[in-house]
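Inspection log for the structure reproduced underneath, given as structure tokens.
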Amino acid sequence: QHGVNIMEFCKKFNEETKGREGLVLPAVITVYEDRSFTFIVKSPPVSILLKQACGIAKASGNTPREKAGQVTKTQVADIAKQKLQDLNAHDLEAACRMIAGTARSMGIDVVEG
Numbered sequence: 558q559h560g561v562n563i564m565e566f567c568k569k570f571n572e573e574t575k576g577r578e579g580l581v582l583p584a585v586i587t588v589y590e591d592r593s594f595t596f597i598v599k600s601p602p603v604s605i606l607l608k609q610a611c612g613i614a615k616a617s618g619n620t621p622r623e624k625a626g627q628v629t630k631t632q633v634a635d636i637a638k639q640k641l642q643d644l645n646a647h648d649l650e651a652a653c654r655m656i657a658g659t660a661r662s663m664g665i666d667v668v669e670g
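Below, the structure written as structure tokens:
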């Protein structure tokens, strides 16, 4: 807790994340010596967005043999646009390659479309 007013934090956090219920949202919280705080809410993890795009609850545990689902390149580009500020990529094409790599590691095929 570090002496932070929990009610105030919860109100501000809920206000900031309104409309994104059900998503996992990473946050960076900074607490200052005077017990004030700031936080930055980031976009959901790529794995969550890919599972949502596929409509699956869980990725494949055996990726070479089992496929969990598939996403289109358009969906990958949409996810890349959403995550671009959080990724270590300089342009959209590099971000798309990163998202596609994550999809492959989860057993999700990337198809044309």
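Take any residue in the sequence shown, note its place counting from 1, add 557, and you have its number in our numbering. Just so it is clear, CB atoms sit at the ideal spot from N, CA and C, and this is done for glycine as well.
For residue i, write down the residues that DSSP places opposite it in a beta bridge.
i: residue 665; result: 626
i: residue 598; result: 584
Quick one: residues in its chain with C-beta nearer than 8 Å to the C-beta of residue i, no 5 flanking neighbours on either side, listed in chain order?
i: residue 668; result: 627, 628, 629, 630
i: residue 559; result: 588, 592
Between residue i and residue j, how many whole angstroms is the CB-CB distance? I'm expecting something under 8 Å.
i: residue 670; j: residue 625; result: Going by Cβ atoms, the distance from residue 670 to residue 625 rounds to 18 Å, so no, they are not a contact pair.
i: residue 596; j: residue 584; result: 5 Å
Using only the alpha-carbon positions, how far apart do residue i and residue j sit?
i: residue 622; j: residue 661; result: 12 Å
i: residue 573; j: residue 609; result: 22 Å
i: residue 571; j: residue 649; result: 30 Å
i: residue 636; j: residue 564; result: 33 Å
Along the chain, where does the alpha helix (DSSP H) that runs through residue i open and close?
i: residue 603; result: 603-611
Which residues in the same chain have their Cβ closer than 6 Å to the Cβ of residue i, if we skip the five residues on either side of it in sequence?
i: residue 639; result: 600
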